[in-house]
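K.L.:
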Amino acid sequence: MEMEKSYYVVSFKPSYFELVRTRISPALCSLVAAEPDELLAERIVIAITQGGFGQDIIDDERQAKERFLEYLFGASGIDLPRSEDAFDEYFNLERAHEFIDLDDEG
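In the numbering used here, the protein residues as written are 93 to 198.
(1) As a quick exercise: from D196, E153, Y163, L172, pick the residue whose alpha carbon is nearest that of N184.
(2) Can you pull the DSSP bridge partners for Y108?
(3) Have a look at S103 and E96 and give me their C-alpha separation to the nearest angstrom.
(4) Which word fits V101, buried or exposed, when buried means at least 16 other C-beta atoms lie within 10 angstroms of its C-beta?
(5) By DSSP, does F191 sit in helix, in strand, or in coil?
(6) Let me confirm a value: A167 is counted as buried when at least 16 other C-beta atoms fall within 10 Å, else exposed. Which label applies?
Set out below in structure tokens:
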């Protein structure tokens, strides 16, 4: 049985880049500050398998937010609380209503 995936688009708020600037070296700050509009236009598509038989099923958006913050810590070392409030302070989350894998012939 294949588990259903939900897809979301994560975008960055200006507060995230302010946070990053405070945690990186001054030499890298100029790179981060160089094109703020370009950085704010950055989008990430995330996919998360939703609960199934025998799993606790929580709100899927909350689960996506918490798991993204966990991923962010592993990828960047920036440790934010794994909570909806922390996510909402630094990021936006939108449901992707349709995901098309152009390589999937099935």
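Ideal Cβ placement from N, Cα and C applies to all residues, glycine included.
What you are looking at is a predicted structure, and each value in this text was computed from that prediction instead of being measured.
P.N.:
Taking the definition as stated:
(1) For the purposes of this step, residue 184 is identified with residue 92 of the sequence shown, where counting begins at 1. The shortest C-alpha separation from N184 is found at E153.
(2) By one-based count along the sequence shown, residue 108 stands at place 16. Y108 has no beta-bridge partner at all, per DSSP.
(3) Sequence index remark: in the sequence shown, residue 103 carries index 11 (1-based). Sequence index remark: in the sequence shown, residue 96 carries index 4 (1-based). Answer to the nearest angstrom: the Cα atoms are 23 Å apart.
(4) Numbered from 1 along the sequence shown, position 9 holds the residue referred to as residue 101. Answer is exposed; the Cβ neighbour count stays below 16.
(5) What you label residue 191 is simply residue 99 of the sequence shown in a count that begins at 1. If DSSP states are grouped into helix, strand and coil, F191 belongs with coil.
(6) By 1-based counting over the sequence shown, the position of residue 167 is 75. Around the Cβ of A167, a 10 Å sphere holds fewer than 16 other Cβ atoms; the residue is exposed.
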